[in-house]
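Notes follow once the structure below has been shown.
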Amino acid sequence: MTSVIHDIGYRHYDGKRLGRAYAVRSLFVHNLRAAYGLGRPVKAKIMPFLLFAIMLLPAAISVAITAIAAQLAGGRSIDLIRYSAYATYLQPLIAIFLAAQAPVIASRDLRFHVTPLYFSRPLSRLDYVLAKYGAFATALVILLATPVTILFIGALVTKQPHLGTHTAHWLAALVGCLLYALVLAGLGLVVAAFTPRRGFGVTAVMAVYLLSTTAVAAIQGIAENQTQFGVAQWAGMFAPFNLIDGVQVWALRAKQAAPEPPPPGLGGPVFTLVCAALIVGSAAILYLRFRKAGAK
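Residue numbers (the numbering used here): 852 to 1147.
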């Protein structure tokens, strides 16, 4: 049988090939926009922008109350919400954003079986994973760092004393926001990548958050009742928000916001190593997952 090549009229592309870096950058931007529903129907924008607005409210209210109270108190300073504690205080909202948007980033390509199309371009599996991971982590940084920055601007506007200290705490909190984003993005994407249907993905991510948080709170309560305070402190390592708060307390010298601080001695370094292992491990699991999916 003789093979025949048919010209079906497609236009040939003779321009410059933009290459791998452009493909990675385009995939990153596409997924970052998708995390907030940009470029998608209006209903896709409602949840992320509603959660973003609600995340800003406590910071805006704190600044307003501080400004009004300072005037009524004759210039006496009133404390704002602590920068490093903001994510811990609002963790239910962050968990909802994580559960709602992680499947958008991780599972849509799997659901529609388009991953082989990505890998037919000069784009490696690692490029694909890092672009998606980086985009979702960036979306979370925006969600977390914006209200913290509003608090800092509020400190400048209301002329809080010790602005040098405020600046140091704000910068440390931004590092904390990056840690929260990397750990939470990794966990959310890993869970969502194994549940291609979006509804199951949302439920699975939320279940992981609720089960870990509830189980750790129960263990800590029981341990404290039995005066096993070391057990209560180590248990915090198994809840994502408590884990990162422990790293902030040890590495960034932040004040404790979680129910229990990291254990003295090796607690801080161990919490930091676990945090790093979660980030690297999540990227590795995602790589293996998408490599398998792309081979189909």
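Cβ atoms here follow ideal geometry from the backbone N, Cα and C, with glycine treated the same way.
Expressed to the nearest angstrom, what Euclidean distance is found between the alpha-carbon atoms of residue i and residue j?
i        : j        : result
Arg-962  : Met-906  : 30 Å
Ser-1133 : Pro-1047 : 17 Å
Gly-1118 : Ala-1083 : 12 Å
Gln-1011 : Ile-1004 : 10 Å
Ala-951  : Pro-1113 : 30 Å
Ile-845  : Gln-922  : There is simply no residue 845 to check, as the chain begins at 852 and stops at 1147 in what is shown.
Val-875  : Ile-919  : 48 Å
Ala-957  : Phe-1080 : 39 Å
Pro-811  : Ala-1023 : Because the chain spans 852 through 1147 in this model, residue 811 falls outside it and cannot be assessed.
Phe-982  : Ala-1006 : First, the residue type needs correcting, since residue 982 is Ala and not Phe in the sequence shown. In a straight line, the C-alpha of Ala-982 is about 35 Å away from that of Ala-1006.
Ile-1001 : Trp-1085 : 33 Å
Lys-1147 : Thr-966  : In this prediction, Lys-1147 has a pLDDT of 47, which is less than 50 and means its spatial position is unreliable; nothing more can be read from the coordinates.
Ala-946  : Ala-1058 : 10 Å
Phe-1141 : Ile-1070 : 35 Å
Leu-1033 : Arg-862  : 43 Å
Ile-1095 : Val-893  : 34 Å
Val-1008 : Leu-991  : 26 Å
Val-1100 : Tyr-1060 : 22 Å
Ala-800  : Tyr-1138 : What the structure shows of the chain is the stretch from 852 to 1147, and residue 800 is not part of that stretch, so it cannot be assessed.
Gly-1037 : Thr-1078 : 34 Å
Trp-1021 : Ile-932  : 11 Å
Ser-935  : Asn-1093 : 12 Å
Does DSSP put residue i in a helix, in a strand, or in coil?
i        : result
Leu-869  : coil
Ala-1090 : coil
Gln-1011 : coil
Pro-1156 : With the chain running from 852 to 1147 in the structure shown, residue 1156 is simply not present.
Leu-889  : coil
Lys-1147 : Interpretation of Lys-1147 is limited by its pLDDT of 47, a score under 50 that renders its predicted location unreliable; no figure is taken from the coordinates.
Thr-939  : helix
Ile-919  : helix
Arg-959  : helix
Pro-1115 : coil
His-863  : coil
Arg-1140 : helix
Val-980  : helix
Ser-975  : coil
Ile-912  : helix
Ala-950  : helix
Ile-1130 : helix
Arg-1104 : coil
Are three or more beta carbon pairs between the segment 1008 to 1017 and the segment 972 to 989 nearer than 8 Å?
-> no
Report yes or no: do the segment 1105 to 1118 and the segment 1040 to 1048 share at least 3 C-beta pairs separated by less than 8 Å?
-> no
Counting Cβ pairs closer than 8 Å, one from the segment 981 to 991 and one from the segment 880 to 899, do we hit at least three?
-> yes
Given 8 Å, three or more beta-carbon pairs between the segment 1061 to 1072 and the segment 1087 to 1097 | yes
Are there three or more Cβ pairs, one per stretch, closer than 8 Å when the segment 1017 to 1028 is compared with the segment 990 to 999?
-> yes
Which parts of the segment 1030 to 1081 are runs of the beta strand (DSSP E), unbroken and 3 residues or longer, counting only runs that do not cross its ends?
-> none
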